[in-house]
Amino acid sequence: MSHPKPLPFDEATIRKIAETFPTPFYLYDEVGIRETCRKLYQAFEWSHNFQNFFAVKATPNPHIMLIAKEEGLGGDCSSKAELMLCDKVGIRGENIVFTSNNTPADEYQAAKDIGAILNLDDITHIDYVDQTVGLPELVSFRFNPGPARTGNVIIGNPSEAKYGFTEAQLFEGYRVLKERGVKRFGLHTMVASNELDGSFFVETARMLFDLAVRLQNEVGVRIEFVNLGGGIGIPYRPEESPVDLMAVGEQIHALYDEMIVPANLDPLRVVLENGRMITGPHGYLITKCLHHKQIYRNYVGVDASMANLMRPGMYGAYHHITVLGKENAPHDTTVDVVGSLCENNDKFAINRQLPQVDRDDLLVIHDAGAHGHSMGFQYNGKLRSAELLLQANGNVTQIRRAETYDDLFATLDFTPFK
Ligand SMILES: Cc1ncc(COP(=O)(O)O)c(C=O)c1O
């Protein structure tokens with residue numbers, strides 16, 4: 169039998185919700201999100217003006233972003249649309265870091281207009297920004313350590329990744345910024361994604377602290393913040409453990425005392441831009457069993473598809489599944505849990521041990537709260553589902569309605585066919 173994963177709701181609650189909001193739908197747990205934000209901030213309490221810029225791409229819903237804002241988080245935006253969402257929620261100015269790549273001028277303009285920190289992805293963008301929208305007072309660069317670090321399956325190895333400056337470009341880039349009158353400087357990197365080994369982030373801090381010291385000595389720029397990026401992983405599998413945030417915070421604190429304080433760089437802000445660890449564990453995709461099929465394998469067909477959650481199909485990612493009401497039943501059938509897309513990788517689980525799943529059983533797909541709904545798409549004419557919020561007071565509110573066929577066809581011109 170597979171290990172259980174705790175849920176903040178029971179079958180009766182979900183059946184009741186499903187009477188109003190038909191499956192499939194996403195459900196987010198406000199209490200869980202707030203608790204996770206607080207744990208992260210506690211781990212960096214020692215740090216001057218610590219902030220996590222919530223990676224908006226993870227869960228671009230203003231109601232979720234407002235919860236993050238209330239917990240003190242800023243916004244990490246990669247596009248104009250994400251900047252617009254931040255603006256709606258009142259996340260503005262240096263509470264936003266604009267970490268984009270291959271960026272068009274109008275998006276830089278939008279970032280500048282809202283007062284975001286511009287985090288440039290490439291050395292050529294110094295000229296590009298200067299010549300299009302003008303360099304702001306504060307600029308940050310994204311560093312790509314190349315062969316010096318290894319990444320992982322989601323983000324790839326840094327030396328094969330399209331992001332960031334090489335080390336030589338970084339030194340040259342800050343020199344150019346200084347010559348052009350930029351006054352304030354930040355340094356960023358994002359090396360791993362969904363990383364469960366806390367020491368990885370400590371090593372990233374060491375790498376950026378070392379660069380900050382060398383940049384001061386060799387180029388004469390004082391870095392005012394290092395942004396260690398996002399990428400803190402979550403235990404998708406029940407047997408995995410979350411990153412020990414307190415230990416990571418303490419180890420980075422020790423490095424700070426060892427490297428930053430003696431170099432007279434204190435206070436240096438340490439910031440992060442995690443999305444997944446904030447909302448991932450607190451979002452669930454709820455779907456219903458429609459069919460069984462027994463051919464060379466056994467299949468459970470559900471009413472959600474890869475269009476609702478593409479991580480399993482795209483990365484082969486594991487998402488735990490609970491069959492509501494059968495948590496304690498023997499997990500004695502081996503099935504693939506599939507959607508209805510005309511793609512054979514439209515599978516939420518492959519060869520998974522589950523209890524006997526019957527038609528109309530409700531299945532909970534865990535850890536879908538980040539890079540879940542937001543990666544949704546409409547291939548095969550699939551409609552993106554609703555998003556619901558289980559509030560701290562126990563109420564459930566709809567924070568995004570499900571798409572309709574009118575939404576799907578809204579951009580088509582049917583006039584010749586009427
Ligand atoms: C630049 C950047 N920052 C932050 C994130 C957020 O990563 P995660 O949600 O895994 O923390 C991403 C994810 O794609 C990213 O590309």
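In this text, residue positions in the sequence shown follow this note's numbering: the first is 169, and each later residue adds one. Cβ atoms here follow ideal geometry from the backbone N, Cα and C, with glycine treated the same way. None of the values given here were measured: they were computed from a predicted structure.
task = Would you mind reading off the limits of the beta strand (DSSP E) that contains L453?
result = The count along the sequence shown starts at 1 and reaches residue 453 at position 285. Per DSSP, L453 belongs to the beta strand (DSSP E) from 451-462.
Beta-bridge partners of C245, as assigned by DSSP = To locate residue 245, count along the sequence shown from 1; it is residue 77. BP columns for C245 point to F266.
Minimum length 3: unbroken beta strand (DSSP E) runs contained in the stretch 476-550 = 489-491, 501-506, 515-522, 530-533
message = Measuring only from the beta carbon, is G493 closer than 7 Å to any heavy atom that is part of ligand 1?
response = Taking the sequence shown and counting its residues from 1, one reaches residue 493 at position 325. G493: no, Cβ never under 7 Å from ligand 1.
key: Contact between the stretch 208-222 and the stretch 411-421 (3+ Cβ pairs under 8 Å)   = yes
Anticipated Cβ contact below 8 Å, H539 with R444, distance rounded = For the purposes of this step, residue 539 is identified with residue 371 of the sequence shown, where counting begins at 1. For the purposes of this step, residue 444 is identified with residue 276 of the sequence shown, where counting begins at 1. Indeed, because the Cβ distance is near 6 Å, the residues count as touching under 8 Å.
message = For H136, report the span of its alpha helix (DSSP H) as first-last.
response = The chain is shown from 169 up to 586; residue 136 falls before or after that span and cannot be answered.
task = Would you identify the three-state DSSP class for L364, choosing helix, strand or coil?
result = Mapped onto the sequence shown, residue 364 falls at position 196. Note: L364 maps to coil in three-state DSSP.
query = Between which two residues does the beta strand (DSSP E) containing L558 stretch?
reply = Taking the first residue of the sequence shown as position 1, residue 558 is located at position 390. Run containing L558: 554-558, per the beta strand (DSSP E) assignment.
inquiry  = Suppose only complete runs of 4+ residues qualify. What are the alpha helix (DSSP H) ranges in the stretch 363-409, listed by chain order?
reply    = 367-386
Neighbour-count burial assignment, G484, 16 or more Cβ in a 10 Å radius = Your numbering for residue 484 matches position 316 in the sequence shown. Per the 10 Å Cβ criterion, exposed.
key: Closer than 7 Å to ligand 1: residues, by C-beta to nearest heavy atom, in chain order   = A223, K225, A226, D244, S246, T267, M358, S361, N362, G397, G398, G399, I400, E441, N442, G443, R444, M445, A538, H539
inquiry  = What would DSSP say about G469, mapped onto helix, strand or coil?
reply    = Within the sequence shown, numbered from 1, the residue matching residue 469 stands at position 301. DSSP places G469 in strand when its eight states are reduced to three.
inquiry  = Could you pull the DSSP bridge partners for I201 from this structure?
reply    = As a working mapping, residue 201 is identified with position 33 in the sequence shown. Paired residue(s): none; I201 is not in a bridge.
request  = Could you name the residues of the same chain whose beta carbon sits closer than 8 Å to that of R390, not counting the 5 residues immediately before and after it, in chain order?
outcome  = Within the sequence shown, numbered from 1, the residue matching residue 390 stands at position 222. Hits under 8 Å: F353, Q384, L433.
request  = Look at E275 and S247 and say whether their C-beta atoms are less than 8 Å apart.
outcome  = Residue mapping note: residue 275 aligns to position 107 of the sequence shown, counting from 1. Residue mapping note: residue 247 aligns to position 79 of the sequence shown, counting from 1. Going by C-beta atoms, E275 is nearer than 8 Å to S247.
key: One or two residues paired with Q566 in a DSSP bridge   = For the purposes of this step, residue 566 is taken as the residue at position 398 of the sequence shown. Per DSSP, L556.
query = Got a sec? Which residues, its chain only, sit under 6 Å from R479 by beta carbon, not counting five neighbours each side?
reply = Within the sequence shown, numbered from 1, the residue matching residue 479 stands at position 311. These residues qualify, in order along the chain: A485.
query = V470 to P192, Cα distance in whole Å?
reply = Walking along the sequence shown from the start, residue 470 turns up at place 302. Walking along the sequence shown from the start, residue 192 turns up at place 24. So the alpha carbons of these two residues sit roughly 9 Å apart.
key: Validate contact between the stretch 501-519 and the stretch 459-474 using beta carbons, cut 8 Å, 3 pairs   = yes
message = In the DSSP assignment, the beta strand (DSSP E) including R343 goes from what residue to what residue?
response = The residue given as residue 343 occupies position 175 in the sequence shown. Run containing R343: none in the beta strand (DSSP E); it sits in the alpha helix (DSSP H), 335-347.
query = In or out: A273 buried (at least 16 other Cβ within 10 Å) or exposed?
reply = Numbered from 1 along the sequence shown, position 105 holds the residue referred to as residue 273. The residue is exposed, with fewer than 16 neighbouring Cβ atoms inside 10 Å.
request  = For G314, collect the residues of the same chain with a Cβ closer than 6 Å to its Cβ; drop the 5 residues on either side in sequence, then sort them by chain order.
outcome  = The residue labelled residue 314 in the question sits at position 146 within the sequence shown. Within the same chain, G314 has close Cβ partners P326, S327.
query = Using the rule of at least 16 other Cβ atoms within 10 Å of the residue's Cβ for burial, across every protein chain shown, is D529 buried or exposed?
reply = Along the sequence shown, one-based indexing puts residue 529 at 361. It is buried - the Cβ of D529 has at least 16 other Cβ atoms within 10 Å.
request  = From the DSSP output, in three-state form, read off Y194 for me.
outcome  = Position 26 of the sequence shown, counting from 1, holds the residue named residue 194. Note: Y194 maps to strand in three-state DSSP.
query = Do K173 and P406 have their C-beta atoms within less than 8 Å of each other?
reply = Against the sequence shown, residue 173 aligns to sequence position 5. Against the sequence shown, residue 406 aligns to sequence position 238. Yes, they are a contact pair.
ask   = Going along the chain, which residues of its own chain have a beta-carbon closer than 6 Å to the beta-carbon of M414, five neighbours each way excluded?
value = Mapped onto the sequence shown, residue 414 falls at position 246. So the qualifying residues of the chain are A211.
inquiry  = Nearest by alpha-carbon distance to K207: which of A236, A186, A180, Y194 is it?
reply    = Looking up residue 207 in the sequence shown gives position 39. Minimum Cα distance to K207 is reached at A236.
ask   = Going by the beta-carbon positions, is the gap between E262 and V224 smaller than 8 Å?
value = Walking along the sequence shown from the start, residue 262 turns up at place 94. Walking along the sequence shown from the start, residue 224 turns up at place 56. Cβ atoms of E262 and V224: not closer than 8 Å.
key: Cβ-Cβ separation, T502 to V532 (assumed contact under 8 Å), whole Å   = What you label residue 532 is simply residue 364 of the sequence shown in a count that begins at 1. What you label residue 502 is simply residue 334 of the sequence shown in a count that begins at 1. Contact doesn't hold; Cβ gap of about 19 Å is too wide.
query = Under the three-state reduction of DSSP, which class applies to L423: helix, strand or coil?
reply = Translated into the one-based positions of the sequence shown, residue 423 becomes position 255. The answer is helix: DSSP assigns L423 an H, G or I state.
query = When the Cα atoms are used, what is the spatial distance from F577 to A422?
reply = For the purposes of this step, residue 577 is taken as residue 409 along the sequence shown, with counting starting at 1. For the purposes of this step, residue 422 is taken as residue 254 along the sequence shown, with counting starting at 1. Answer to the nearest angstrom: the Cα atoms are 56 Å apart.
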